[in-house]
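Structure, as structure tokens:
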Amino acid sequence: MNLEQLVADLSEGRSASLARAISLVENQRPGFERLLAAIHSSTGRAHRIGITGPPGAGKSTITQSLVRHYRAQGRTVAVVAVDPTSPFTGGALLGDRIRMESVALDDGVFIRSMATRGSLGGLATSTREVADVLDAAGFERIIVETVGVGQSELDVSRLADTTVLVLVPESGDGIQTLKSGIMEIADAYAVNKADRPGADKLAREIEITLGIRRGNAFRHVPAHHGFRARAARGAAAHPAASNGDAWVPPVVMTVAVKEDGIAGLAEALDRHFAWLVSSGELEQRRRRRTRDRTREVVERAARRWIWDDTDTQQLIDARLDDVMAGRTNPYEVATEVLDGLRQGSTS
Amino acid sequence: MMTPESHAQPRHLARPVRVLVAKPGLDGHDRGAKVVAAALRDAGMEVVYTGLHQTPEMIARAAVQEDVDVVGLSILSGAHMTLFPRVRDLLNEAGRPDMLLTGGGIIPEDDMATLHARGVGQLFGPGTPTSALIEYIESWAADNLTD
Ligand SMILES: Nc1nc2c(ncn2[C@@H]2O[C@H](COP(=O)(O)OP(=O)(O)O)[C@@H](O)[C@H]2O)c(=O)[nH]1
Ligand SMILES: [Mg+2]
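Chains as they are written, first to last, in my numbering: chain X, 440 to 786; chain B, 3 to 149.
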């Protein structure tokens, strides 16, 4: 693979080249780190938006609606839709495109489905690297959809600038059932399927849990008008959302199938990004993440070196009989391995 | 050691085979396509499923963006003689003549031969067990995919 050609093709937005570059990175084929190094200076321009929530909450439908919204504004959008790999067969059914049909033929949109795979290197790392490729290719918004509540396949907040948690009235006992820690990662909430009963209650629950003091503006609005009122409030500047330096996650009611509330959600995401910039948080987050990422790249390289380029596996295999017979143990073997690596690397 | 653990992926590949399953045309339901998609997943493949009523343009574009190895079409409408060649041409134009185009439907033997000459792979009649398609894709992958 000709790296210069690939990088040039990326900047020209050639679809097949971009798709292959993503595979190169996703599969960690030889040369992928050189590609990432070459494009690194062209990354950091996109607003990366994570959309997470339970299966069936409407994440893909919201994604499609957001894409349409951004396209109407003339912005280009890339979508990465992540679905779980079966731990038993290694296969995966990636069906998010079904909900994104209306933008499938738009030249300003690129959609890629990813399976979680075994992810020894860390799925968050490889998804972030795929997002880097899309960022360097010039997409202005990158939306990463992941199933994230319950058995968190991927903590999308580690790679997104802005993370949206999508919940629906049916989510059982509402937020009581949420995994602990999930509310900490959300920069905004979408209460989707607000055409169904219970959406208002869920939104209220979230706001209370977030400790938002509710204003008086809509107190006079009868309950059955709650949807409009809340959508409007989510969309307009939330009284508490821009107070001081802290960010208070807005709760936006949406009916994604009708694109209701989507403009408000998009506006909340823009507002969050603007806050990230103005508060200096973006700079800090990116700095922290650059540090984390560099550690991960070092770890990945170290792992590859140990298993591919040294005799570590042979040494372990050679000691196995002794371990099984009780003459030594995994910890002594590990010490021996590390002593050997240390000597090898300093000699 | 960096290879994800998986039982069914081809031994020579460090990743699963990627397949796009689509149902072009205007005819009815997608039960058959869904069964095929699930069977391929269970065989260890990554299956991008795009749903009903896909145009050749949508199929080719999705295949290119998803960088799949194989495109499988389920065509029961009788429009196979236009749909398969059209998708083949679009894939070739997008720079992906290497992708395998296969599928199934009610397709007479003569038509299968004609389509084969147009760069379409093996096609499967109704009632073919999904294992036949899986075997076909796996052996194609063994012969044609290197990384
Ligand atoms: N009633 C209603 N259904 C919705 C809404 N948004 C999505 N859906 C439906 O919910 C189902 C799951 O949506 P999908 O976007 O695939 O959810 P995901 O699994 O979170 O990506 C689909 O049948 C959608 O049509 C909504 O606002 N109201
Ligand atoms: Mg989805």
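Just so you know, even glycine gets a beta-carbon here, dropped at the ideal spot from N, CA and C.
Residue i versus the options, residue with shortest Cα-Cα distance
| i | options | result |
| --- | --- | --- |
| residue 531 of chain X | B:104, B:136, B:47 | B:47 |
| residue 510 of chain X | X:749, X:549, X:695 | X:549 |
| residue 129 of chain B | B:140, B:39, B:90, B:107 | B:107 |
| residue 38 of chain B | B:81, B:132, B:146 | B:132 |
| residue 714 of chain X | X:694, X:689, X:738 | X:689 |
| residue 780 of chain X | X:769, X:746, X:487, X:695 | X:746 |
| residue 575 of chain X | X:562, X:708, X:456, X:748 | X:456 |
| residue 606 of chain X | X:695, X:544, X:568, X:703 | X:695 |
| residue 519 of chain X | B:124, B:137, B:81, B:64 | B:64 |
| residue 646 of chain X | X:687, X:478, X:609 | X:687 |
| residue 545 of chain X | B:55, B:60, B:91 | B:60 |
Where residue i falls: helix, strand or coil (DSSP)
| i | result |
| --- | --- |
| residue 601 of chain X | strand |
| residue 557 of chain X | coil |
| residue 118 of chain B | helix |
| residue 467 of chain X | coil |
| residue 56 of chain B | strand |
| residue 606 of chain X | strand |
| residue 692 of chain X | strand |
| residue 771 of chain X | helix |
| residue 494 of chain X | coil |
| residue 21 of chain B | strand |
| residue 712 of chain X | helix |
| residue 453 of chain X | coil |
| residue 150 of chain B | Because residue 150 of chain B is not part of the residues shown, which for chain B are 3 to 149, the question remains open. |
| residue 517 of chain X | strand |
| residue 758 of chain X | helix |
| residue 584 of chain X | strand |
| residue 578 of chain X | coil |
| residue 525 of chain X | coil |
| residue 486 of chain X | strand |
| residue 664 of chain X | With a pLDDT of 40 at residue 664 of chain X, under the threshold of 50, the predicted position of this residue should be treated as unreliable, though the coordinate-derived value follows. Reduced to three states, the DSSP call for residue 664 of chain X is helix. |
Cβ distance (whole Å) where residue i is taken to contact residue j below 8 angstroms
| i | j | result |
| --- | --- | --- |
| residue 503 of chain X | residue 541 of chain X | 6 angstroms |
| residue 68 of chain B | residue 120 of chain B | 23 angstroms between Cβ atoms; not a contact. |
| residue 565 of chain X | residue 446 of chain X | Contact doesn't hold; Cβ gap of about 19 angstroms is too wide. |
| residue 633 of chain X | residue 692 of chain X | 4 angstroms |
| residue 629 of chain X | residue 501 of chain X | 6 angstroms |
| residue 603 of chain X | residue 489 of chain X | 7 angstroms |
| residue 87 of chain B | residue 93 of chain B | Going by Cβ atoms, the distance from residue 87 of chain B to residue 93 of chain B rounds to 11 angstroms, so no, they are not a contact pair. |
| residue 521 of chain X | residue 585 of chain X | 4 angstroms |
Partners in chain C for residue i, counting only beta-carbon separations shorter than 7 angstroms
| i | result |
| --- | --- |
| residue 445 of chain X | In the structure shown, chain C cannot be found, because the protein chains are X and B. |
With a cut-off of 6 angstroms, give the chain-ordered residues whose Cβ is closer than this to any heavy atom of ligand 2. X:498, X:499, X:535, X:584
Using a Cβ cut-off of 7 angstroms, which residues of the segment 52–66 of chain B contact any Cβ in chain X, in chain order? 52, 53, 59, 60, 63, 64, 66
What are the residues of the segment 124–142 of chain B that lie near chain X, defined by any Cβ-Cβ distance shorter than 9 angstroms? none
For the segment 92–104 of chain B, enumerate the residues whose C-beta is nearer than 8 angstroms to any C-beta of chain X, in chain order. 96, 97, 98
Chain-ordered residues of the segment 740–757 of chain X with a beta carbon less than 9 angstroms from chain B: 742, 743, 745, 746, 747, 752
Along the segment 17–41 of chain B, what residues have a CB closer than 7 angstroms to any CB found in chain X? 17, 18, 39, 40
Can you list, in chain order, the residues of the segment 547–558 of chain X whose Cβ is nearer than 8 angstroms to any Cβ on chain B? 549, 550, 551, 552, 554, 556, 557, 558
Quick one, which residues of the segment 517–530 of chain X are near chain B if we go by CB-CB under 8 angstroms, in chain order? 524, 525, 527, 528, 529, 530
Would you list, in chain order, the members of the segment 564–578 of chain X that have their beta-carbon closer than 9 angstroms to a beta-carbon of chain B? none
What are the residues of the segment 76–91 of chain B that lie near chain X, defined by any Cβ-Cβ distance shorter than 8 angstroms? none
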